[in-house]
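Asks: In this note's numbering, the protein residues as written are 1303 to 1408.
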């Protein structure tokens, strides 16, 4: 969801209080907890988001889905990701060490 799409989506809604990054973080957590491989394309897209918070949670979620295909995008993202916290989430997802809780980052 682009910044402009967020503005249109959240206009006049209380959801705007979460801000775009908080909303997308929550979506990534929900998708990871759902464990549905159909969510992999959306999570793959979120790995390129401008916000490290969103990328970190988008890296965590495929580890919960835990299919070979779900981990392809986080593995690829690792080679270009500049933020250490996001790299940590990628490493945890790929190694299977994601546990049951999403990353605790603000």
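Idealized CB from N, CA, C, for every residue including glycine.
Could you tell me if residue 1347 is buried or exposed, where buried requires 16 or more neighbouring beta carbons within 10 angstroms of its beta carbon?
Replies: Within the chain shown, residue 1347 is the residue found at index 45, counting from 1. By the 10 Å Cβ count, residue 1347 comes out exposed.
Asks: Which one of 1374, 1359 and 1364 has the shortest CA to CA distance from residue 1385?
Replies: Stepping through the chain shown from its first residue, residue 1385 is reached at position 83. Out of 1374, 1359 and 1364, 1359 has the C-alpha closest to the C-alpha of residue 1385.
Asks: Spatial neighbours of residue 1363 within its chain, please: CB distance less than 6 Å, with the 5 preceding and 5 following residues excluded, ordered by chain position.
Replies: For this step, residue 1363 is matched to residue 61 along the chain shown. Taken in chain order, the residues that qualify are 1330, 1333, 1334 and 1345.
Asks: I need the straight-line Cα distance from residue 1376 to residue 1325, nearest angstrom please.
Replies: On the chain shown, residue 1376 is found 74 positions in, with the first residue counted as 1. On the chain shown, residue 1325 is found 23 positions in, with the first residue counted as 1. Those two C-alpha atoms are separated by around 21 Å.
Asks: If you check the beta carbons only, do residue 1380 and residue 1367 fall under 8 Å apart?
Replies: Counting from 1 along the chain shown, the entry for residue 1380 is found at position 78. Counting from 1 along the chain shown, the entry for residue 1367 is found at position 65. Contact: no.
Asks: As an exercise, report each continuous alpha helix (DSSP H) stretch of at least 4 residues that is fully enclosed by the segment 1349–1404, in chain order.
Replies: If we require 4 residues or more, the alpha helix (DSSP H) runs fully inside the segment 1349–1404 come out as 1354–1367, 1374–1380 and 1386–1397.
Asks: Please identify the residue among 1382, 1396 and 1308 whose C-alpha is closest to the C-alpha of residue 1322.
Replies: Indexing the chain shown from 1 puts residue 1322 at position 20. Ranking the options by Cα distance to residue 1322, first place goes to 1308.
Asks: To the nearest angstrom, report how far apart residue 1327 and residue 1370 are at their CA atoms.
Replies: The residue you call residue 1327 lines up with position 25 of the chain shown. The residue you call residue 1370 lines up with position 68 of the chain shown. Cα to Cα, residue 1327 sits roughly 23 Å from residue 1370.
Asks: By the three-class DSSP mapping on this structure, what secondary structure does residue 1324 have?
Replies: On the chain shown, residue 1324 is found 22 positions in, with the first residue counted as 1. Helix.
Asks: Determine the closest residue to residue 1342 out of 1305, 1303, 1320 and 1373, with distance taken between C-alpha atoms.
Replies: Taking the chain shown and counting its residues from 1, the one referred to as residue 1342 is at position 40. With distances taken between Cα atoms, residue 1342 lies closest to 1373.
Asks: Residues in its own chain within less than 8 Å of residue 1356 by CB, not counting five upstream and five downstream?
Replies: Within the chain shown, numbered from 1, the residue matching residue 1356 stands at position 54. Only 1323, 1326, 1327, 1330 and 1348 meet the Cβ criterion.
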